[in-house]
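If you're matching them up, the sequences are chains A and W in order.
The first sequence begins at 21 in the working numbering and counts up one residue at a time.
The second sequence begins at 19 in the working numbering and counts up one residue at a time.
Every residue, glycine too, gets a C-beta built ideally from N, C-alpha and C.
Below is one structure, written out as structure tokens, with a few remarks after it.
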Amino acid sequence: GQQVMQIPQYQHVQEGEDFTTYCNSSTTLSNIQWYKQRPGGHPVFLIQLVKSGEVKKQKRLTFQFGEAKKNSSLHITATQTTDVGTYFCAGRRGAQKLVFGQGTRLTINP
Amino acid sequence: DGGITQSPKYLFRKEGQNVTLSCEQNLNHDAMYWYRQDPGQGLRLIYYSQIVNDFQKGDIAEGYSVSREKKESFPLTVTSAQKNPTAFYLCATNIGTPSTDTQYFGPGTRLTVL
């Protein structure tokens, strides 16, 4: 079945450092979504990428969708303590249900 | 949270007991979902329903049951057949058109089976 692998599982950074999480699928995806879950909270939708090679930005967050539509990345520039949480990617193939990656838990040393 | 209510936030049960988790939404969304989250793992789909009186198994439906008698409600029963029921359970609806819809999650219920 479709699998979505996300790395790293954990990342600890100093405040102000950059952070990147990567998502890889075993199959070509029709779209990929990113969610953020704050500690003790629930996942909240951040963004969806649909086109091959697409790049989208939200302030300090940059999202990329690979040319082959099999991988994606989320990069945070100059992390802040408000960025703490777990970031999930979720891929979809055609009309099938979303498949979530394992998540990357980001902790930040202020 | 913002249209999806899951109660209670924390639930404790003894091993061997069935327990029902509630999920109510006032968003008028047709589709509803149940996910399970374990530490260090992503969200895994248990069941989903796209319309009243119809539901489909997800990837890990064994040991769970659902009903969808009303559009607003999609309760999940964790039965005694579920081997490892302790987890964080998230209910969700979806927003958008088919194949590009995104998930809108409730606040979740943390179930601990003692």
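query	result
Within 10 Å of its beta-carbon, does A:ASP38 have 16 or more other beta-carbons around it, so buried, or fewer, so exposed?	exposed
Please classify W:LEU132 as buried or exposed, where buried requires at least 16 other C-beta atoms within 10 Å of its C-beta.	exposed
Which residue's Cα is closest to the Cα of W:LYS75: W:TYR51, W:SER83, W:TYR65?	W:TYR65
Helix, strand or coil for W:ASP19? Go by DSSP, reduced to three states.	Note that W:ASP19 has pLDDT 48, beneath the 50 cutoff, so the model's placement of it is unreliable and the number below is only indicative. In this structure, W:ASP19 counts as coil in the three-state DSSP scheme.
In chain order, what residues of the same chain have a beta carbon less than 7 Å from the beta carbon of W:PRO103, not counting five sequence neighbours either side?	VAL96, LEU129, VAL131
Are the beta-carbon atoms of A:GLN100 and A:GLU35 separated by less than 8 Å?	yes
What number of angstroms, rounded off, separates the C-alpha of A:GLN122 from the C-alpha of W:GLN55?	10 Å
List the residues of chain W that A:SER92 touches, going by C-beta distances under 9 Å, in chain order.	In chain order: nothing, as chain W lies at least about 14 Å away.
So, A:ALA88 versus A:THR40, is the Cβ gap smaller than 8 Å?	no
In this structure, does DSSP put A:THR102 in helix, strand or coil?	helix
Using a beta-carbon distance cut-off of less than 8 Å, what residues from the segment 46-68 of chain A approach chain W?	SER50, ASN51, GLN53, TYR55, GLY61, HIS62, PRO63, VAL64, PHE65, GLN68
Provide the residue span of the beta strand (DSSP E) that contains A:HIS32, from first to last.	30-34
Excluding the 5 residues flanking W:ASP119 on each side, which residues of the same chain have their C-beta closer than 7 Å to its C-beta?	ASN112, ILE113
At a Cβ cut of 9 Å, what residues of the segment 39-66 of chain W count as close to chain A, listed as they run along the chain?	TYR51, TYR53, GLN55, GLY58, GLN59, GLY60, LEU61, ARG62, LEU63, TYR66
Judging by CA-CA distance, which residue of A:ILE52, A:LYS56, A:ARG125, A:GLY105 is the nearest neighbour of A:GLY114?	A:ILE52
Would you mind reading off the limits of the beta strand (DSSP E) that contains A:PHE39?	39-45
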